[in-house]
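Below is one structure, written out as structure tokens; the observations come after it.
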Amino acid sequence: MPIPLAYNLRNLAARKVSTILTSLGIGLVSWVFIFTLALAGGFQSALQATGSRSNAIVIRNGSTAELTSIIARDAAATIESQPEIARAQDGTPLATHELVVLWNLERKNGTAANVVVRGVTAKSLALRPKVHLVEGRMFRPGLEEVVVGKLANAR
1 MPIPLAYNLR
11 NLAARKVSTI
21 LTSLGIGLVS
31 WVFIFTLALA
41 GGFQSALQAT
51 GSRSNAIVIR
61 NGSTAELTSI
71 IARDAAATIE
81 SQPEIARAQD
91 GTPLATHELV
101 VLWNLERKNG
111 TAANVVVRGV
121 TAKSLALRPK
131 VHLVEGRMFR
141 PGLEEVVVGK
151 LANAR
């Protein structure tokens, strides 16, 4: 025989502290779950909005990011020669070898900041058509020059 609903409600009223703590615990777990899903969704939409479906980033087996991946030059040349790699009008592969490092620099206010620095080639610009100069000029290959974004320049 099922326990009457009135008995359950009286029991909740008699144990106010445990009822409140249980409700708060369930609410907290629910909030953390929703927050985690929202964060993951935000990352996914940010990556989809900034990337291109026609571009691929190749990283070493076992690496989870560009920062932890190194591909030898001969392996990169092998990848470039694959038929799946798009070609420019002159027949050269639309691929570039880039180095990504994390550099600790000092901000204008004196605090430290981790800055991602990407070593690029002239082909890198062809692969990123959304990148454009606001002022100044593009770097000259072979020189120790850097192109800096507006937000990084302000800091």
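First residue of the sequence shown: 1, per this note's numbering; consecutive thereafter.
Quick reminder that beta carbons are idealized off the backbone N, C-alpha and C, glycines included.
In this text the structure is predicted, and so the values were computed from the model without any measurement.
Check each candidate in the options and name the one with the smallest Cα separation from residue i.
| i | options | result |
| --- | --- | --- |
| A126 | T92, A72, L12, G62 | T92 |
| A122 | N114, R140, A40 | R140 |
| W103 | N109, L94, V115 | V115 |
| L94 | G25, P129, V134 | P129 |
Is the separation between the beta-carbon of residue i and that of residue j shorter than 8 Å?
| i | j | result |
| --- | --- | --- |
| V100 | I79 | no |
| V131 | T96 | no |
| E98 | S124 | yes |
| R155 | R107 | yes |
Span of the alpha helix (DSSP H) holding residue i?
| i | result |
| --- | --- |
| R10 | 5-14 |
| I79 | 73-80 |
So for residue i, helix, strand or coil by DSSP?
| i | result |
| --- | --- |
| V120 | coil |
| E106 | strand |
| L127 | helix |
| V147 | coil |
| L133 | coil |
| L94 | coil |
| V167 | The chain is shown from 1 up to 155; residue 167 falls before or after that span and cannot be answered. |
Where do the N-terminal and C-terminal ends of the beta strand (DSSP E) with residue i fall, by residue?
| i | result |
| --- | --- |
| L151 | Careful: L151 lies outside any beta strand (DSSP E), inside the alpha helix (DSSP H) at 150-154. |
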